[in-house]
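Just below is one structure, and these are the notes that go with it.
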Amino acid sequence: MSITTQQIQDELKRIQLPDGSDIVSADMVRAITITGGQVSFVLEVPAALGARMEPVRAAAEKLLAEMDGVSKARVILTAHEAPKAPPPNLKVGGHMKPQDDNQPIAGVSKIIAIGSGKGGVGKSTVSSNLAVALAAMGKRVGLLDADIHGPSQPRMMGVSKRPASPDGKTIIPLQAHGVTMMSLGLMMQEDEAVIWRGPMLMGALQQMLNQVEWGELDVLLIDLPPGTGDVQLTLAQKTKVDGAIIVSTPQDVALLDARKAMNMFERVKTPMLGMIENMSSYHCPKCGHEAHIFGHGGARDDAARLGLPFLGEIPLELDIRVAGDSGTPIAATDSAVAGAYQEIAQGLITAGVL
Ligand SMILES: Nc1ncnc2c1ncn2[C@@H]1O[C@H](COP(=O)(O)OP(=O)(O)OP(=O)(O)O)[C@@H](O)[C@H]1O
1 MSITTQQIQD ELKRIQLPDG SDIVSADMVR AITITGGQVS FVLEVPAALG
51 ARMEPVRAAA EKLLAEMDGV SKARVILTAH EAPKAPPPNL KVGGHMKPQD
101 DNQPIAGVSK IIAIGSGKGG VGKSTVSSNL AVALAAMGKR VGLLDADIHG
151 PSQPRMMGVS KRPASPDGKT IIPLQAHGVT MMSLGLMMQE DEAVIWRGPM
201 LMGALQQMLN QVEWGELDVL LIDLPPGTGD VQLTLAQKTK VDGAIIVSTP
251 QDVALLDARK AMNMFERVKT PMLGMIENMS SYHCPKCGHE AHIFGHGGAR
301 DDAARLGLPF LGEIPLELDI RVAGDSGTPI AATDSAVAGA YQEIAQGLIT
351 AGVL
């Protein structure tokens, strides 16, 4: 009668280890092979034990060789390094992973996208200041800079540290002015040009949404790139966006583009929360005269025409630009101009949006 694997295992249980266990229960016996009366197996031990296990190997080989029905026994000792933790995978720009549509982000109560039809109208400035103003009012606020082609939130929020990824999978966002923030700008070298094609870009956005440990947030504000491109569509398709805010200057051309952006949000069924008019008026610091460099009231009129809430207006002020450039949004200071952002933040809370 030929010998069985079970019999060999039972016999090997007699080989004790210093900690009182045996080589079978310690899961060191691999690849038992029986060919006629010839028996072999691999004794796999932790690297730290290494050569010190040679007497154990020899004892196992002798034990097997003495079994009835065994003509020859061979035990091979191998020592394996425990696999090291994978290096942090902070590389961004992979392709999109398949995902069910309209996934909420765990722990995040509301997601609000801030967009504009036209570039340079102050959407990022509004996003950072609104985030800071809401945080100062006790809300737990996240800010995601999804302006992939020109991420400006690191500069505006005054952060430059590369986010950590202790497990190589999740990304720990940074904290600035009471806001939890993340930007693609933090994942790239400064001055690095981003010339990603659509799918890579969308993969990066998906990573920002799903791999970042946002924690418990009352609201995540997403600073979108200008226009109505892939990022906006992907965002609407892949995440449950609760609403969109459009920033525009009062100028006709900016408003035309803002309307296009609104149409796009409508098409992807993202509710419009309202419009903000930026660079609405200019007070001459010398004589106090109020000028309307880009016109005035255009966004308010547009909002009324479209039946949308008008969320507020922000003046054109040198201090706003200087504060943004210095990494401390003006809403984080006691400047009188901060009040314009606080009013908008309060309006969102009063309206029950947040
Ligand atoms: N109300 C304001 N008063 C003065 N300067 C402002 C105001 N709003 C924005 N700015 C300045 O205008 C410039 C463009 O603003 P911002 O980067 O916020 O615009 P954006 O719409 O996000 O631009 P982009 O299209 O590049 O994403 C910045 O230098 C900013 O500091």
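Numbering (UniProt numbering), first residue to last: 1 to 354. Heads up, the beta-carbon is just placed ideally off N, CA and C, and yes, glycines get one too. Computed from a prediction, not measured in an experiment: that's the story for all the values here.
Cβ neighbour criterion (16 or more within 10 Å) applied to residue i
{"i": "GLN16", "result": "exposed"}
{"i": "GLY352", "result": "exposed"}
{"i": "THR5", "result": "exposed"}
{"i": "ALA236", "result": "buried"}
{"i": "LEU221", "result": "buried"}
{"i": "ASN263", "result": "exposed"}
{"i": "VAL322", "result": "exposed"}
{"i": "LEU318", "result": "exposed"}
{"i": "ARG57", "result": "buried"}
{"i": "GLU266", "result": "exposed"}
{"i": "THR33", "result": "exposed"}
{"i": "PRO18", "result": "exposed"}
{"i": "GLY50", "result": "exposed"}
{"i": "ALA338", "result": "buried"}
{"i": "ASP147", "result": "buried"}
{"i": "LYS269", "result": "exposed"}
{"i": "GLY138", "result": "exposed"}
Same chain, Cβ closer than 7 Å to residue i, neighbours up to 5 away in sequence not counted
{"i": "GLU44", "result": "MET28, ARG30, THR78 and HIS80"}
{"i": "GLU54", "result": "LEU77"}
{"i": "ASN129", "result": "PRO329, ILE330, ALA331 and TYR341"}
Own chain, CB closer than 6 Å to residue i, minus 5 neighbours either side, in chain order
{"i": "HIS289", "result": "none"}
{"i": "ASP302", "result": "LEU255"}
{"i": "PRO104", "result": "LYS240"}
{"i": "SER127", "result": "ILE114, LEU221 and ASP223"}
{"i": "GLU213", "result": "THR170 and ILE172"}
{"i": "VAL159", "result": "LEU174 and ALA176"}
{"i": "GLY324", "result": "THR125 and MET156"}
{"i": "PRO271", "result": "GLY243"}
{"i": "GLN9", "result": "VAL24"}
Check: residue i C-beta below 7 Å from any heavy atom of ligand 3
{"i": "GLY347", "result": "Looking for ligand 3 in the displayed structure turns up nothing; the ligands present are ligand 1."}
Limits of the beta strand (DSSP E) - the one that residue i falls within
{"i": "ASP223", "result": "217-223"}
{"i": "ARG30", "result": "29-35"}
{"i": "GLY113", "result": "Reading off the sequence shown, one finds Ala at residue 113, where the question assumed Gly. Taken as a continuous stretch (DSSP letters only), the beta strand (DSSP E) holding ALA113 covers 108-115."}
{"i": "VAL141", "result": "141-145"}
{"i": "VAL179", "result": "179-183"}
{"i": "LEU17", "result": "Taken as a continuous stretch (DSSP letters only), LEU17 belongs to no beta strand (DSSP E), as it is neither H nor E."}
{"i": "GLY307", "result": "Note, GLY307: premise wrong, no beta strand (DSSP E); not H, not E."}
Delimiting residues of the alpha helix (DSSP H) encompassing residue i
{"i": "SER281", "result": "That residue, SER281, is in no alpha helix (DSSP H); it is neither H nor E in DSSP."}
{"i": "PRO46", "result": "Element bounds for PRO46: not the alpha helix (DSSP H) but the beta strand (DSSP E), 38-46."}
{"i": "LEU235", "result": "230-238"}
{"i": "VAL121", "result": "VAL121 -> no alpha helix (DSSP H), and no H or E assigned at all."}
{"i": "GLY347", "result": "338-350"}
{"i": "ILE8", "result": "5-12"}
{"i": "VAL56", "result": "54-65"}
{"i": "VAL247", "result": "Premise fails: VAL247 lies in the beta strand (DSSP E), 243-248, not in any alpha helix (DSSP H)."}
{"i": "ILE320", "result": "318-326"}
Residues near residue i in its chain [Cβ-Cβ closer than 8 Å; skip 5 each side]
{"i": "GLY120", "result": "PRO226"}
{"i": "ALA65", "result": "LYS72 and ALA73"}
{"i": "GLY36", "result": "SER2 and SER71"}
{"i": "GLY69", "result": "MET1, SER2, ILE3 and GLY37"}
Interface flag, residue i vs chain C, CB-CB below 8 Å
{"i": "MET156", "result": "Absent from the structure: chain C. Only one protein chain is present."}
### Message
Quick check on the DSSP output: what are the complete beta strand (DSSP E) runs of length 3 or more inside the segment 149-175, in order along the chain?
### Response
Counting only runs of 3 or more, we get nothing.
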